[in-house]
Amino acid sequence: MEKDNKPEKIKDDVVVTLNYELRVNGEIVDSSEDGDPIVFLQGSNQVVSGLEKAIYGMKIGETRDITVSPDEGYGEYDPDAVTEVERSEFPDDFPLEPGIEITVHTEESDDEGGEFEEVMEATVLEVGKSVVKLDFNHPLAGKTLDFKVEVVDLREATEEEIEHGHVHGDDDEFEFDDGDLDELEY
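The numbers in the sequence shown follow the numbering used here, run straight up by one, and end at 186.
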């Protein structure tokens, strides 16, 4: 039975507010400790699949320790996702240094001749005089993820949120970058 129009437990099409701590090899790599829980639409693939599967049925106030394997997290590490790019592809004043994460915008063509923008995140591994080595794997690819989660709140998603596949609202709204093609961000 639902009280105050709140779902009793986590199920598809419920907006979940979750406090979390993420550890990899015992080290905290991310958390909502600063009071900023994640808010997402359950069943819409907005969090890694292993976490999404493990929280079904949880109730407000419930906590759980969850271990997510790489195949249900950010995938296995793919050595083929490491590539070299000519230094000349970057603006002269672009601050390249090993360890920084950048967003790469590229213009691609599909089989029908249409064009689209592809946006990819990469980590700079090495910077040479003529070549920059980039790793397009997620930084947590190949890692086992250990989550400690607490359900803070649940609410039914609106029809519009379900249709769009994500949460709407001031602090929860997803923003998409409409920047120039072939743009680099850091």
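Virtual Cβ for every residue (Gly too), placed ideally from N, Cα, C.
Closest to residue i by CA distance: which of the options is it?
| i | options | result |
| --- | --- | --- |
| G75 | E163, G142 and D146 | G142 |
| V16 | E160, D34 and Q46 | Q46 |
| L51 | M120, T144 and H138 | T144 |
| D34 | S69, Y20 and F136 | Y20 |
| V124 | V82, R155, P91 and D111 | V82 |
| S130 | Q42, E89, V68 and V39 | E89 |
| T236 | V119, M120 and G26 | Lying outside 1 to 186, the shown extent of the chain, residue 236 is not represented and no answer is given. |
| P70 | P139, E156 and V152 | P139 |
Buried or exposed for residue i, going by 16 or more other Cβ atoms inside 10 Å?
| i | result |
| --- | --- |
| L181 | At L181 the pLDDT is 30, less than 50, meaning the model places this residue with poor confidence and gives no usable figure here. |
| G113 | exposed |
| G57 | exposed |
| E2 | In this prediction, E2 has a pLDDT of 46, which is less than 50 and means its spatial position is unreliable; what the coordinates show is noted afterwards. With fewer than 16 other Cβ atoms within 10 Å, it is exposed. |
| Y186 | Unreliable placement is indicated for Y186, whose pLDDT of 39 sits below 50; no coordinate value is reported for it. |
| D177 | Because the pLDDT of D177 is 33, which lies under 50, any placement of that residue in the model is unreliable, and the question is left without a value. |
| N137 | buried |
| E161 | buried |
What are the boundary residues of the beta strand (DSSP E) that residue i is part of?
| i | result |
| --- | --- |
| I66 | T63 to V68 |
| I28 | E27 to S31 |
| K133 | V131 to D135 |
| M58 | Segment: none, M58 is in no beta strand (DSSP E) and carries neither H nor E. |
| L18 | V14 to V24 |
Rounded to the nearest angstrom, how far is the Cβ of residue i from that of residue j, given a contact under 8 Å?
| i | j | result |
| --- | --- | --- |
| T63 | K148 | 7 Å |
| E8 | K53 | Their Cβ separation, rounded to whole angstroms, is 19 Å, which puts E8 and K53 out of contact at 8 Å. |
| A122 | V14 | Going by Cβ atoms, the distance from A122 to V14 rounds to 34 Å, so no, they are not a contact pair. |
| V152 | P37 | 5 Å |
Can you name the start and end residues of the alpha helix (DSSP H) that residue i belongs to?
| i | result |
| --- | --- |
| H164 | E159 to H164 |
| I38 | Per DSSP, I38 belongs to no alpha helix (DSSP H); it is in the beta strand (DSSP E), I38 to L41. |
| E52 | S49 to I55 |
* Asked: If you pair each beta-carbon of the stretch 21 to 30 with each one of the stretch 161 to 168, do three or more pairs fall below 8 Å?
  -> no
* Asked: Would you call the stretch 65 to 79 and the stretch 96 to 104 in contact, with 3 or more CB pairs under 8 Å?
  -> no
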